[in-house]
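Participant: Just so we're aligned, residue 0 is where the sequence shown starts under numbering that gives the first Met the number 0, counting upward by one.
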Amino acid sequence: MVKMMSVCAMGAVAAAGCSCDRAAKDFGTTKYGEAAHLYVLEGKGGLKMEVTDYGGRVNRLWVPDAKGELVDVTIGFDSPAGWETTDSYFGAIIGRYGNRIANGTFTLEGKTYTLAQNDADHHANLHGGKRGWDGYVWDAKPFTKGDDVGIVFSRVSPDGEEGFPGTVKATVTYTITPENVWRIEYEGTTDKTTPLNMTQHVYFNLDGSDTILDQELQIAASKYSPVNADLAPVGPAADVAGTPFDFRTFQVIGARIDDPDTVLQYGPGYDHNWVLDGAGFRKVAEMRGKTRAMEVWTDQIGLQFYAGNFIKDSWKMKDARPMKRRGYLALETQHFPNTPNRPDFPTTNLKPGETYRTVTEYRFKTR
Ligand code: GLA
0 MVKMMSVCAM GAVAAAGCSC DRAAKDFGTT KYGEAAHLYV LEGKGGLKME
50 VTDYGGRVNR LWVPDAKGEL VDVTIGFDSP AGWETTDSYF GAIIGRYGNR
100 IANGTFTLEG KTYTLAQNDA DHHANLHGGK RGWDGYVWDA KPFTKGDDVG
150 IVFSRVSPDG EEGFPGTVKA TVTYTITPEN VWRIEYEGTT DKTTPLNMTQ
200 HVYFNLDGSD TILDQELQIA ASKYSPVNAD LAPVGPAADV AGTPFDFRTF
250 QVIGARIDDP DTVLQYGPGY DHNWVLDGAG FRKVAEMRGK TRAMEVWTDQ
300 IGLQFYAGNF IKDSWKMKDA RPMKRRGYLA LETQHFPNTP NRPDFPTTNL
350 KPGETYRTVT EYRFKTR
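Shown next as structure tokens:
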């Protein structure tokens, strides 16, 4: 199918609102039969992103170092089948509920809702269900605003989708600034009360190497959420002090990842929620590679640090590049896992008339 944008790229027709340098390229068809496209967002500072409207996935993310050398720091594929045969969450927008809802069930306003338990080993509903928001081609509108470039993704999630109540209208805006910041702004409204906990499941390896274990991480969190074997938070938040979860100062990621700590072993390895210190939009984490670093800024209260423990060495990605267990990590800003079953956690319920809004930035630097 020829899209208006590719006509624009050939210079024949200037479609309204079309930016020719960010014309959509065909990216094949998803397993659900939808046509997917690729867009390129090139920032003035060198940060460059290739992104698909299939789940808003970041497919390539080129980050400059001080010499201007660009390295693609993320996982991606040559076609939609790549995600469909490995892990569909790589680089994707996650909704309606990022992370786990224990036993795939929750009660809201007196009614019990049953969701798919699509996280087999953990008896949970994970990242929205069997076909979460990553499974749809979103409406995509590239834009230029001053020196910023970006893209607005939007979709309507119908009432009852994956068992969740209410029609949710969601918008996710990616902006690349000349300072090499990737800003993600999430918005949502609903017509019935529903849990909403959106996030972005991008993965990083700042050296573009095959391991993150020699890279460093700092997380501004004095507490984390201990979990059971199903990776559902149990009890109150616990102090990170004296545990392998203490990242208040920079730590080499591989140094304690196989520590015998029982809660860590449930991962196995890091796959937990950190209860972030402070409030409001603030810096919450920093990752360091050899010549590049990345700060994470957010207004969220939680951060899931997942060390890629389930990535399989046998999986193949774009450009015949290696993909190894713990070769990439995810730092997912969000509310706490299983909040719909934890009245003691800050709520994730969105009510009609309210607007869900949250912002996260990944700020890239050289070192
Ligand atoms: C989240 C989960 C992990 C894993 C990844 C996707 O980070 O916490 O256990 O499921 O998503 O593979």
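Ideal placement from N, C-alpha and C gives every residue a C-beta, glycine not left out.
None of the values given here were measured: they were computed from a predicted structure.
Identify whether A329 lies in helix, strand or coil by the three-state DSSP scheme.
Facilitator: Three-state result, A329: strand.
Participant: Check H121 in the structure and name its three-state DSSP category.
Facilitator: helix
Participant: Residue range of the alpha helix (DSSP H) that T261 falls in?
Facilitator: T261 to Q264
Participant: Any residue with its Cβ nearer than 5 angstroms to a heavy atom of the ligand GLA should be included. What is that list in chain order?
Facilitator: Residues lining the ligand GLA by the Cβ criterion, that is a Cβ closer than 5 angstroms to any of its heavy atoms, are D86, Y88, D270 and Y305 in chain order.
Participant: Give every residue of the same chain whose Cβ lies closer than 8 angstroms to the Cβ of V239, excluding the five residues on either side of it in the sequence, and list them in chain order.
Facilitator: A220, S221, K222, Y223, D245, F246, R247 and W273
Participant: Would you report the Cα separation of V62 and G42, rounded to the nearest angstrom?
Facilitator: If you take the alpha carbons of V62 and G42, they lie about 10 angstroms apart.
Participant: On the three-state DSSP scale, how would you describe G27?
Facilitator: strand
Participant: Between the segment 205-214 and the segment 172-187, do three or more beta carbon pairs fall short of 8 angstroms?
Facilitator: no
Participant: Measuring alpha carbon to alpha carbon, tell me which of G307, G288, I300 and D86 ends up nearest G277.
Facilitator: Looking from the CA of G277, the closest CA among G307, G288, I300 and D86 belongs to I300.
Participant: Would you say the segment 192-210 touches the segment 328-337, given that touching needs at least three Cβ pairs under 8 angstroms?
Facilitator: The way I'd put it, the segment 192-210 does touch the segment 328-337; three or more beta-carbon pairs between them come closer than 8 angstroms.
Participant: By Cβ distance, which residues of its chain are closer than 6 angstroms to T176, with the 5 residues on each side in sequence left out?
Facilitator: Excluding residues within five positions, the ones whose Cβ falls inside 6 angstroms are D147.
Participant: Using CA coordinates, which residue listed in T347, R291 and F309 is at the minimum distance from G45?
Facilitator: R291
Participant: Just the Cα atoms here: how many angstroms apart are Y88 and E285?
Facilitator: 22 angstroms
Participant: Just the C-alpha distance for G32 and A22, rounded to the nearest angstrom, thanks.
Facilitator: 22 angstroms
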